[in-house]
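Only one structure is covered here, and it is reproduced in the block below.
Below is the structure:
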């Protein structure tokens, strides 16, 4: 198995988080589609409330415009993909040249759009799934585990915010445990501690209460 | 500088040997703990005809199994890595040295011409400072040693020793313009003057007899030998000096370099003493 | 040239194509051509991978796409054979020069090179005086810049023995050709070049005193960061930044996140000497590895390229390379320097001053196409200023005849135009010396321009070397 530095581990984790954030929010945004008063998912005001962001939009289109393209909005799809891409630039050799290309294609496609049209956005989702697939095919097991870790934390974070049922979470935890067993406990601790220092979140605690839970 | 010691006689007899006790201790205190601290220290006495080291010990704390290596002038130095958190870094040495006061050190194997190359710290612009302009004649001095000693006199006559007016990276030119500096600046000025006249010159970092901090002086290369000149005290370096590092300039001779990843305030206390203890 | 231009015409319209030059198929009674639609596909293929180089403009960093000239440069087998011999000879001599200049200095004592050109040069680093790099190799990877004059003669323009970059661009372009037009490559046939990372990896193995190999990058905002990560992936070695490594005792280690560490035996570093070790060089460098030089001095790590190589590719030393080949190898130089004058010598100085209007003057301290002045483009006043500067500091400049170098086909907005181009050849020195059978062809963006550097807007092409 390849070697991974602490810096790389940290970036893989964030890559996982931001790719997942983009995908997850793309799905949720799609569900706000439909009848404005009775959407399948949430109304946009509720959506904003879940994320804890300002909801003063003139209409649903303005809301979508911001959630897709606003660079300053840390929950916008463009922001997530930009950040994921920035991490991936460092990780090109770790995640593989091909995996990198899918992220770039996703990023390029979204960046070239001006207005929200879910048909045009579909290739972005395709590329992101291609990225997950490429990662599974090509990347080192430890690399995969690090990215999955970030992915799982993001799933959990968003599920909490949107008050999802437990099913989705259970599935994600199972997937993560499957992946994480390739890592040494010391490795978990190292990464978690590095993340604690950087993000001000108690990952070490989370690691032991959630993943290694009895 | 008012009176300067007399030493018109350039013949240096081998005078009586002196025995010196050297103590050097540096304690650096950080306001927050640091980790992964890589360090590099000059904690070795030069291998020299002029010294017999009768007793020698050195230390670095926290403990971290130091290594040694040799630089391009053949000088030994120590380096290491402290991984764990620490907020005090302390090192030093103590030695008893018998010093033979003959003059003129053998050359090293490194090409002497590198001590002619001007650099940022020693470069001088002669034009605007009257006393420097007097040095401007392009002719090579007939007797380079005598010439260098004359240059040293000029420095002591035109510069005032004043702490706090310069720092570790002040170029010689700036010190000259303001007319003041410390031993490092005096040494850089003399080096700059010598090099401009084709006399190879280098920087020496070490100790001068007495209590205090470290000291810096100059060596010039004349007729196959290095001769020490101390422009701060306007005297020849015959005895009462113990060198720790030689190089092209102060940066090249720094006694202590350290690298760690956090930003901290550092308070450093240096104590050095070189005392003659007699036979 | 007129003739080839006629033969290499392109047909317009969507079914159009470019006939590759030189017209190597002529004898076989056929043309090798690239269709316009393929040229478009090639461009799209590269865009997918973000083939960028970084650029600082107005103090901000831009990741720029490196303009890709889709029509490859073609070099025939005999022609490349001569280039190969000449380049190997040149790098062999430069490696011996580097050893000599940091040890016995015979070349100075024998007055082949004046002392001033070595000791006064800031690229001569006393810090590595007496240090013997593993396997005694200094110039592991050299990027030698050449131009071809209109009559076909090749001239060496510049040697790069510090951190030559650029090989990854033709490398990835080749992937594109194999995807878009594999038939053309096998028909011609073009020599395989995609094993460059393996060649470089072998050089690292040859000089590695024990441990893993790594690529050490100065960081994301380096102009060639794409290349660092691409080569690391293709070589299968970790891409590291300074603080991923640590020196402990006699060795350098890679720190793995799992808590263990691995000894590093070879560092392909992409940062320059002065940032390599803050304990010895630039004390404020945060991109280096503290105490790396101590391990290097002990021979326990190979640094690729060796520290202190800058003296060998100095523009002043360039003048003496043919003499160095003669001195160290007892051979005549196979490849010629562009005719060069050193103002340092009085006779040359007079010649330079009298012919300023038709020479190109280079400041030896500058790189990347900066500090290059064409005398013909200066006003009389500016020319006088330059003459004064040369008189004041003759060692700082070299004067060169302007080589009228060949223009190559560039496909630009659906038509073929001609742009001047040079060639950077890559020479690898491990146990043996070999030349990569490809190279980075750089072309000027504007008609008539002779500045091909990527930092100044130039583009790149793949270089196809044909097999027999």
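Residue numbers (our numbering), protein chains in the order written: chain A, 142 to 355; chain B, 10 to 288; chain C, 136 to 603.
All C-beta atoms in this analysis are idealised placements derived from N, C-alpha and C, irrespective of residue type, glycine included.
Endpoints, the alpha helix (DSSP H) within which residue 262(A) is located: Mapped onto the first chain, residue 262(A) falls at position 121. Its alpha helix (DSSP H) spans residues 259 to 279.
Any C-beta of chain C under 8 Å from that of residue 90(B): The sequence position of residue 90(B) within the second chain is 81, counting from 1. So, interface residue.
Given a cut-off of 8 Å, decide if residue 412(C) and residue 399(C) are closer than it, judged by their beta-carbon atoms. Locating residue 399(C) in the third chain gives position 264, counting from the first residue. Locating residue 412(C) in the third chain gives position 277, counting from the first residue. Not closer than 8 Å, so no.
Helix, strand or coil, according to DSSP, for residue 437(C) in the structure here? Counted from its first residue, the third chain places residue 437(C) at position 302. It is a strand residue.
In terms of alpha-carbon separation, which member of 281(A), 280(A), 299(A), 263(A) lies closest to residue 166(A)? If you number the first chain from 1, residue 166(A) lands on position 25. Among 281(A), 280(A), 299(A), 263(A), the Cα nearest to that of residue 166(A) belongs to 299(A).
Can you find at least 3 beta carbon pairs, one from the region 271 to 284 of chain C and one from the region 562 to 574 of chain C, that sit closer than 8 Å? Short answer: they touch.
Give the secondary structure of residue 172(C) by DSSP, where H, G and I count as helix, E and B as strand, and everything else as coil. Start at 1 with the first residue of the third chain, and residue 172(C) comes out as number 37. Residue state, collapsed to three classes: helix.
Verify whether the separation of the beta carbon atoms of residue 303(A) and residue 169(A) is less than 8 Å. The sequence position of residue 303(A) within the first chain is 162, counting from 1. The sequence position of residue 169(A) within the first chain is 28, counting from 1. Yes, Cβ-Cβ distance for residue 303(A) and residue 169(A) is below 8 Å.
Residue 390(C) touches chain A at which residues, Cβ-Cβ below 8 Å? What you label residue 390(C) is simply residue 255 of the third chain in a count that begins at 1. The answer, in chain order, is 146, 147.
Kindly indicate if chain C contains any beta-carbon less than 8 Å away from that of residue 150(A). In the first chain, residue 150(A) corresponds to position 9, counting from 1. It does; some Cβ of chain C falls within 8 Å.
Nearest-angstrom Cα distance between residue 233(A) and residue 138(B)? Your numbering for residue 233(A) matches position 92 in the first chain. Your numbering for residue 138(B) matches position 129 in the second chain. Taking C-alpha positions only, residue 233(A) is separated from residue 138(B) by approximately 57 Å.
Which residue or residues does DSSP assign as beta-bridge partners of residue 42(B)? Indexing the second chain from 1 puts residue 42(B) at position 33. None; residue 42(B) has no bridge partner.
Listed from N- to C-terminal order along the chain, which residues in the region 120 to 135 of chain B have their beta-carbon within a distance smaller than 8 Å of any beta-carbon of chain C? Answer set for the region 120 to 135 of chain B: 120, 122, 123, 125, 126.
Contacts that residue 400(C) makes with chain A (C-beta to C-beta distance below 9 Å): For this step, residue 400(C) is matched to residue 265 along the third chain. Close to residue 400(C), with beta-carbon spacing below 9 Å, lies no residue of chain A; the smallest spacing is near 14 Å.
Inter-residue spacing [alpha-carbon to alpha-carbon] between residue 158(A) and residue 302(C): Here the question's residue 158(A) lines up with position 17 in the first chain. Here the question's residue 302(C) lines up with position 167 in the third chain. Using only the alpha carbons, I get a separation of about 34 Å.
Rounded to the nearest angstrom, what separates residue 307(C) and residue 238(A) at their Cα positions? Taking the third chain and counting its residues from 1, the one referred to as residue 307(C) is at position 172. Taking the first chain and counting its residues from 1, the one referred to as residue 238(A) is at position 97. One Cα belongs to residue 307(C), the other to residue 238(A), and the distance between them is close to 11 Å.
Rounded to a whole number of angstroms, what is the C-alpha to C-alpha distance between residue 497(C) and residue 536(C)? Counting from one through the third chain, the residue named residue 497(C) turns up at place 362. Counting from one through the third chain, the residue named residue 536(C) turns up at place 401. Cα to Cα, residue 497(C) sits roughly 11 Å from residue 536(C).
DSSP state of residue 166(B), grouped into three classes? Here residue 166(B) refers to the residue found at position 157 of the second chain. Secondary structure of residue 166(B) (DSSP, three-state): helix.
Closest by CA to residue 169(C), which one among 550(C), 327(C), 592(C)? As a first step, residue 169(C) is located in the third chain; it is residue number 34 there, counting from the start. Residue 550(C) is the option with its Cα nearest to residue 169(C).
In terms of alpha-carbon separation, which member of 241(C), 363(C), 269(C) lies closest to residue 299(C)? As a working note, residue 299(C) is residue 164 in the third chain. Nearest to residue 299(C) by alpha-carbon distance, out of 241(C), 363(C), 269(C), is 363(C).
Please go through the same chain and pick out, in chain order, the residues whose beta-carbon is closer than 8 Å to the beta-carbon of residue 194(B), but skip the five residues on each side of it. Within the second chain, numbered from 1, the residue matching residue 194(B) stands at position 185. The beta carbon of residue 194(B) sits closer than 8 Å to those of 168, 175, 179, 181, 184, all from its chain and outside the five residues before and after it, given in chain order.
Classify residue 345(C): buried if its beta carbon has 16 or more other beta carbons within 10 angstroms, exposed otherwise. As a working mapping, residue 345(C) is identified with position 210 in the third chain. Sixteen is the threshold: since fewer than 16 other Cβ atoms of the shown chains lie within 10 Å of the Cβ of residue 345(C), the residue is exposed.
Residue 127(B) beta carbon less than 8 Å from that of residue 238(B): In the second chain, residue 238(B) corresponds to position 229, counting from 1. In the second chain, residue 127(B) corresponds to position 118, counting from 1. Residue 127(B) is positioned such that its CB atom lies no closer than 8 Å to that of residue 238(B).
Any residues in the region 171 to 199 of chain B with a beta carbon nearer than 9 Å to a beta carbon of chain C? Which ones, in chain order? Of all residues in the region 171 to 199 of chain B, none has a Cβ within less than 9 Å of some Cβ in chain C.
Contact defined as beta carbons within less than 8 Å: I believe residue 232(C) pairs with residue 459(C). What is the distance between those atoms, to the nearest angstrom? Start at 1 with the first residue of the third chain, and residue 232(C) comes out as number 97. Start at 1 with the first residue of the third chain, and residue 459(C) comes out as number 324. By a beta-carbon distance limit of 8 Å, residue 232(C) contacts residue 459(C). Their separation comes to about 5 Å.
Could you give the DSSP three-state label for residue 310(A): helix, strand or coil? Along the first chain, one-based indexing puts residue 310(A) at 169. Under the three-state reduction of DSSP output, residue 310(A) falls in the helix class.
Other residues of its chain near residue 188(B): CB distance less than 8 Å, five sequence neighbours each side excluded: Within the second chain, the letter at position 179 stands for residue 188(B). Cβ neighbours of residue 188(B) beyond the five flanking positions: 167, 168, 169.
Would the beta-carbon of residue 582(C) fall within 8 Å of that of residue 538(C)? Working through the third chain from its first residue, we reach residue 582(C) at position 447. Working through the third chain from its first residue, we reach residue 538(C) at position 403. No.
Give me the Cβ distance between residue 7(B) and residue 125(B), rounded to the nearest whole Å; I'm assuming they're in contact under 8 Å. Any question about residue 7(B) goes unanswered here, given that chain B covers just 10 to 288.
Give a yes or no on whether 8 Å exceeds the smallest Cβ distance from residue 374(C) to chain A. Within the third chain, the letter at position 239 stands for residue 374(C). Answer yes: the Cβ-Cβ gap between residue 374(C) and chain A drops below 8 Å somewhere.
Beta-carbon contacts of residue 249(B) that lie in its chain and below 6 Å, excluding the five residues immediately before and after: Translated into the one-based positions of the second chain, residue 249(B) becomes position 240. Once the five neighbours on either side are set aside, the close Cβ partners of residue 249(B) are 218.
Bounding residues of the alpha helix (DSSP H) (the contiguous stretch that carries residue 378(C)): For the purposes of this step, residue 378(C) is taken as the residue at position 243 of the third chain. According to the DSSP assignment, residue 378(C) belongs to no alpha helix (DSSP H), since it is labelled neither H nor E.
Host beta strand (DSSP E) of residue 564(C) (start-end): Residue 564(C) sits at position 429 when you count from the first residue of the third chain. Run containing residue 564(C): 550 to 564, per the beta strand (DSSP E) assignment.
Verify the CB distance criterion: does residue 364(C) have a CB-CB separation below 8 Å to chain A? Residue mapping note: residue 364(C) aligns to position 229 of the third chain, counting from 1. Judged by the 8 Å Cβ criterion, residue 364(C) is in contact with chain A.
Find out if the Cβ-Cβ distance for the pair residue 53(B), residue 84(B) is shorter than 8 Å. On the second chain, position 44 is the one that residue 53(B) refers to. On the second chain, position 75 is the one that residue 84(B) refers to. For residue 53(B) and residue 84(B), yes; Cβs fall inside 8 Å.
Taking three-plus beta-carbon pairs below 8 Å as touching, is the region 243 to 262 of chain C in contact with the region 278 to 295 of chain C? Taking 8 Å as the limit for Cβ pairs, the verdict is that the region 278 to 295 of chain C does not touch the region 243 to 262 of chain C.
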